[in-house]
Amino acid sequence: MKTKVRQLLEEGRVDAFLAYKTIHGVPFPTLFTKENVDELEEWAPFKARYPVTKILLAQARQNPGKTFGVLVRGCEERSLYELFKWNQLSPDKVVVLGQACTEDLALYCECKKPFPDQLDYGEAPAPVPRSRRLEELEAMPETDRLQWWLSHFNRCIRCHGCRDVCPVCFCTECSLEHKELIPARKLPPDSSFHLVRAVHMAGRCIDCGLCEETCPAGIPLRALYKRVNDLVENIFDYQTGVPDGKSPFSMLGDESFLPAGPR
Amino acid sequence: MQNPFEPKILAFLCNWCSYAGADLAGVSRLQYPPNIRVVRVMCSGTVSPHHVIHAFQRGADGVLVAGCHIGDCHYLKGNYMTLKRMKFVQELIRFAGYNPERFRLEWISSAEGVKFAEVVRDFTEKVRSLGPAPSFEASPRLAMGL
Amino acid sequence: MDKCIACGTCAEKCPRKVTDEYNAGLGKRKAAYVKFPQAVPLKYVIDKDHCIYFEKGKCRACEKFCPTQAVNFDDQDREFTLEVGSVILAPGFEPFDPGVYDTYSYSHPNVITSMEFERILSSSGPFEGHLVRPSDHQEPKKIAWLQCVGSRDIHHCDNGYCSGVCCMYAIKEAAIAKEHAGADLNTAIFFMDMRTPGKDFDKYYERAKAEKGVRFIRSRVHSIEPLPGTDDLAIQYVTEDGRITEEVFNLVVLSVGLQISKDTLELAEKLGVEIGDGRFAATSPFQPVQTSRTGIYVCGVFQSPKDIPLSVMEASAAAAESATLLAPARNSLTRKPPELSEKDVAAQEPRVGVFVCHCGVNIAGVVDVEAVADYAETLPGVAYVERNLFTCAQDTQDKMKQIIEEHNLNRIVVAACSPRTHEALFQETLKQAGLNKYLFEMANIRNQGSWVHMNEPEAATEKAKDLVRMAVAKVALQQPLGEMQLGVTKSALVVGGGIAGMTAALTLADQGYPVTLVERKDVLGGHGRKLYSTWDGQPVAPFLDELIKRVEAHPEITVLTKARITDVQGFVGNFHTVLDVDGQRREVDHGVAVIAVGAHSLKPDEYGYGKSDRIFLNLDLDQAIGERDERIVTARSAVFIQCVGSREPDRPYCSRVCCSHSIENALRLKKLNPDMDVYVLYRDIRTFGLRENLYKEARARGVLFIRFDLENKPVVQVASDGTLKVTVKDHVLQRPVVLTPDILTLAGAIVMRESEADELAKMFKVPVNAEGFFLEAHAKLRPVDFATDGVFVAGLAHYPKPTEECIAQAKAAASRAATVLAKDSITAGGVVAVVNKDLCCGCQGCVQCCPFGAIDYLEREGKCEVNQALCKGCGTCAATCPSEAITLLGFSHLQLYAQIDEALSA
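Chains as they are written, first to last, in full-length UniProt numbering: chain A, 1 to 263; chain B, 1 to 146; chain C, 1 to 906.
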């Protein structure tokens with residue numbers, strides 16, 4: 001990998017490359033330029049996950065003319081596709097090198113596609129088609145669900161970690177902070193906080209799971225957003241994380257999927 | 001003696017069709033229960049999932065969104081968006097454990113005063129039978145599993 | 001008049017009582033009085049003929065008590081001389097006086113005319129809307145209506161015509177009477193033919209029958225006998241199957257017809273305007289609003305008896321004729337209205353004024369208006385509260401302006417009817433008071449309050465309070481909204497080259513506006529080409545030829561045949577249409593559009609149509625008679641079947657023209673061969689207005705009329721040798737009768753071709769009703785407009801109608817279109833969306849969801865922007881943006897949340 005990255009930098013195809021550097025035994029995202037490319041290590045599979053594309057987005061915004069390279073997992077590539085579709089990043093300013101996740105990571109994430117389309121490093125593990133988390137929830141009788149969710153939402157301390165770490169949350173101002181929508185200075189915040197976030201995640205969430213990992217209160221956010229996107233897929237036949245198509249919530253479309261009114 | 005439960009119904013009616021239909025129900029002197037409070041919007045497409053969720057949060061027992069029939073929207077396709085969003089919102093609240101029958105999307109044209117009155121009567125009774133909406137308020141007691 | 005403040009003291013103090021003619025003689029007024037509560041100008045007058053001072057030289061109480069010294073007994077009649085280019089006559093009618101019907105006991109207090117009944121029902125009438133009968137003020141339990149009193153009658157009076165409105169108004173009165181008195185009220189309408197041929201009228205009739213339980217009895221009543229010892233009246237009548245029945249009623253209403261008054265006839269004579277049949281102004285069907293004197297036009301009932309929608313159309317048509325005549329002098333006498341300045345309230349705290357309306361008893365009868373007003377005073381931001389009897393009255397508007405000034409109000413809430421009714425009126429008042437017109441909100445406590453919660457006054461009052469609270473919260477957050485001026489392309493596009501389309505095109509072109517006339521086929525003329533004559537026998541062909549010649553020769557009209565519209569962009573004043581003209585692409589810029597695409601004849605799937613060449617539709621029969629077709633000339637017997645495909649459950653409307661058309665053709669057949677047996681099989685004969693003469697003449701010439709109903713339709717059999725057999729149950733014999741006509745004509749329905757109409761409707765963004773006809777903005781008051789500005793409709797595309805109505809409506813549409821073209825600019829903006837660029841992240845979610853493509857993505861800034869000229873204010877974009885970076889002004893997120901919060905806070 002070191003050779004490839006060095007080549008990209010020297011040929012000028014990228015101005016900087018976002019990859020990882022081991023610090024205190026843990027991989028950390030680091031931006032490599034021609035100056036420090038020697039510090040780049042050889043690739044080996046690792047489990048640490050970061051909102052890499054979010055960091056990339058911040059860099060791209062600060063340096064609008066520059067092209068960046070980035071090492072992505074399956075989910076991170078999906079987030080890139082979304083960022084392209086939502087007009088936050090330009091595909092011709094991003095160069096991708098892909099890495100596969102390990103099998104136990106895939107199982108933990110219950111990931112449907114634990115490897116990117118652009119796969120350069122690692123062996124693609126088997127995708128996990130069914131989510132046990134969701135199945136458990138679906139099995140719960142509908143009458144118990146509200147209490148179950150409320151018991152989790154209750155622990156929310158409104159740290160906004162879920163939003164801050166989410167790679168497809170890119171709004172300049174977040175409406176979750178609009179006090180007319182979600183009353184301020186209330187802990188735990190009203191459950192509408194979570195439902196509104198879920199609505200925003202519809203048509204965007206690419207199931208990277210960082211939100212749940214970040215949440216200090218351990219709220220099962222991933223299940224909520226996974227469900228949201230299942231709904232979007234079922235109702236609108238639209239999948240997030242693919243290069244084509246537009247979210248049904250922004251596209252008007254030429255047809256409605258209901259027949260016209262009474263005549 | 002406790003007063004019988006009177007559901008709070010919040011309705012979003014689009015100016016050109018459903019609001020006019022409601023007016024026509026008035027002109028025709030059709031009667032319906034007084035539980036409904038109407039917020040007039042220009043198009044049913046003005047209604048965002050934010051508004052619906054906020055309404056439930058604030059204590060609405062039922063939320064009704066009414067717009068023009070598909071193909072008849074005064075703004076051509078505003079109601080296509082409404083349909084997509086509201087269908088999704090209904091599924092979402094179902095997933096969150098809320099009875100999805102507390103939310104209703106109807107297409108009511110400006111000539112359908114009769115339909116408006118029927119929908120309001122029907123919906124009010126339905127929500128009445130479902131009882132007060134469970135509170136969206138998270139309370140610390142729940143966290144302890146009580 | 002300038003000093004009168006309409007306080008009413010003069011009327012209060014006046015000692016002389018006079019019969020109140022406004023309340024149809026059912027009540028009293030004073031000699032000093034106001035004509036009616038909503039008179040404009042709202043000023044009191046002294047009735048010279050009944051004033052004690054003018055009679056005896058004494059009293060003058062009004063002058064003594066008038067607080068503004070507005071009484072002037074020395075006032076003289078004044079004469080004015082006006083120099084005008086044209087005159088429009090709209091003198092109206094007088095209701096027929098049924099005193100000449102000596103057997104109807106009109107002198108009995110409980111036998112009243114329909115006008116008197118209207119006043120009884122009215123909340124501002126003699127009984128304040130309480131339905132009671134004149135003799136003893138008791139609530140009637142049984143009311144009868146007798147139709148055709150003073151119409152279709154050449155014995156008691158000389159009004160052989162049909163007044164055209166009485167059937168509908170009787171049904172309306174019966175339905176509203178039931179509303180006032182309760183569903184148990186027994187209402188019976190005695191009629192000969194039920195004439196409800198207008199748009200949606202038949203549906204109203206069927207609803208009254210089926211849902212409201214109004215009884216319809218087909219029988220002409222001879223006498224009304226007072227029942228001795230009571231105040232009731234007995235009516236004896238013969239039922240359809242020949243039985244004599246008697247019923248006792250508490251009140252009988254005579255549905256009196258419309259007739260032209262002596263005064264009007266004198267006026268006509270002074271003006272040199274010829275009078276025609278029925279004492280109506282003499283006009284030609286091809287020039288329905290032109291009198292015998294050039295430059296003098298007529299509209300309304302003086303032209304011929306008609307209802308409101310047609311009156312409004314004719315009024316616009318008369319205006320169009322006038323405008324065409326006076327076009328060269330346009331703007332030579334106009335003055336610019338004063339520039340209205342707007343106060344800058346942006347920095348002020350909201351000071352809300354709340355006006356709570358009683359609306360007579362419409363609101364106050366259910367809602368505790370005083371409690372609502374008191375409550376309004378407690379709301380944050382409210383600086384002034386007032387109650388009004390009718391907030392929409394002109395004097396209240398003047399008062400509002402004063403109050404805004406005096407109390408320094410910067411927001412107004414009116415708690416009354418629907419904003420769809422009077423919002424524009426109040427906004428105008430705000431403008432004149434120097435306030436931005438958007439600083440206004442209405443609480444709908446009538447249409448969505450008192451009218452729908454009539455039995456729950458407390459709940460209705462609580463709801464009214466909630467609605468006021470919501471309105472105050474919303475308007476307090478409202479900021480002034482700006483508007484911009486857009487240019488107007490001063491030309492028109494007329495879609496459809498039939499009689500209506502060509503008439504509209506000529507009317508606009510004659511006023512100097514260039515017109516592009518688009519016709520689907522390769523020739524102009526539409527269905528006019530197939531029509532033989534107008535109802536009164538005037539041949540259509542020469543008129544049509546002349547019309548086509550004028551259109552084709554007119555320097556301002558561009559005719560495009562074999563043309564289809566493929567795309568329409570833009571909005572009023574600024575349309576851009578793309579056409580396919582015989583394979584070539586063509587683009588037209590225009591300011592307005594008139595839709596006159598016509599309709600089609602139904603090809604019936606019953607009565608053997610298509611199975612024999614002896615079965616015709618009326619238009620085919622027109623042609624066959626004109627050509628002296630073999631089948632017609634040798635026919636010895638002809639049958640017409642009416643209502644084929646019309647007035648059926650799956651097509652519940654009347655095609656309006658068929659009764660007249662069939663009878664016209666029946667007469668032509670009789671003229672051709674007086675010995676021919678001609679039968680007309682009908683459900684109701686709807687020869688409205690002066691067409692009644694056709695019916696009379698047909699009967700005189702021996703045409704036989706057999707009535708059938710929907711449950712027992714005639715049966716047509718086509719034998720293998722082509723002979724026809726028609727079996728129908730005769731309404732007099734009550735037995736089936738077999739007819740063997742040589743020709744059978746089916747009066748088929750007029751229908752819209754959905755595919756054509758729908759596509760055009762979508763392109764121009766105008767609606768179509770359940771039957772496929774274009775849906776006008778308001779059935780009565782805006783019969784040629786659409787809710788979409790700049791687009792108008794005329795002819796069969798609106799509803800089936802005869803030639804002269806098509807012409808009148810086409811002129812009306814042109815007249816309305818010209819009001820746009822006459823302007824130099826149009827105002828846009830106001831309720832539109834705006835992007836807060838600081839919050840926008842450039843995701844373009846909004847761009848893709850706008851139905852009008854009004855949002856652009858600005859590459860350089862990486863942000864989105866709304867084109868306020870194209871924005872229609874639907875708010876779909878505002879609901880799409882997850883960061884709420886885009887706002888619909890007037891319905892902002894803050895305002896919606898405020899309303900939701902207030903609605904649920906009780």
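Where a beta carbon is used, it is the ideal one built from N, C-alpha and C, also for glycine.
Which same chain residues end up closer than 7 Å to residue i when comparing Cβ atoms and leaving out the 5 residues on each side of it in sequence?
i, result
"A346/C", "Q479, P480"
"A749/C", "L602, V644, G645, S646, R651, S655"
"A143/B", "Bear in mind that the predicted position of A143/B carries a pLDDT of just 43, short of 50, making it too unreliable to give a figure here."
"L187/A", "I157, R158"
"V149/C", "F96, P98, Y101, L254, S255, V256, G257"
Taking 8 Å as the cut-off, decide whether the C-beta atoms of residue i and residue j are in contact.
i, j, result
"residue 907/C", "C4/C", "The structure shown does not extend to residue 907/C, since chain C is modelled only from 1 through 906, so no value can be given for it."
"V248/C", "D232/C", "yes"
"H590/C", "T723/C", "no"
"L839/C", "A885/C", "yes"
"G241/A", "Y81/A", "yes"
"G21/B", "L904/C", "no"
"I900/C", "L105/B", "no"
"I275/C", "G353/C", "no"
"F355/C", "M400/C", "yes"
Would you mind sorting residue i into buried or exposed? The rule is 16 or more other CB atoms within 10 Å of its CB.
i, result
"M1/C", "exposed"
"N362/C", "buried"
"K34/A", "exposed"
"H24/A", "exposed"
"N229/A", "buried"
"V732/C", "exposed"
"V768/C", "buried"
"F80/C", "exposed"
Can you give the Cα-Cα distance for residue i and residue j, rounded to whole angstroms?
i, j, result
"Q99/A", "I93/B", "37 Å"
"V572/C", "V784/C", "15 Å"
"K4/A", "C215/A", "36 Å"
"F17/A", "P116/A", "18 Å"
"F201/C", "N186/C", "22 Å"
"P350/C", "N447/C", "28 Å"
"S28/B", "T46/B", "28 Å"
"K611/C", "P604/C", "11 Å"
"S135/B", "P183/A", "15 Å"
"K823/C", "G598/C", "29 Å"
"Y799/C", "D536/C", "21 Å"
"L690/C", "G160/C", "8 Å"
Take residue i and list the residues in its own chain whose beta-carbon comes closer than 6 Å to its own, dropping the five residues that flank it on each side.
i, result
"Y857/C", "Q844, V847, C864"
"L258/A", "Confidence at L258/A is low in this model, with a pLDDT of 35, below 50, so the placement of that residue should be treated as unreliable; the coordinate-derived value is given next. Hits under 6 Å: none found."
With a CB to CB cut of under 8 Å and the five nearest residues on each side skipped, what residues in its chain are close to residue i?
i, result
"E370/C", "R387"
"L710/C", "R647, E648, R683"
List the residues that DSSP assigns as beta-bridge partners of residue i.
i, result
"W107/B", "G67/B"
"S637/C", "D677/C"
"P226/C", "L233/C"
"C643/C", "The partner list for C643/C (beta bridge, DSSP) is empty, contrary to what the question assumes."
Residue i versus chain E: which residues are under 8 Å apart at the beta carbon?
i, result
"S883/C", "The chain labelled as chain E is not found among the protein chains of the depicted structure, namely A, B and C."
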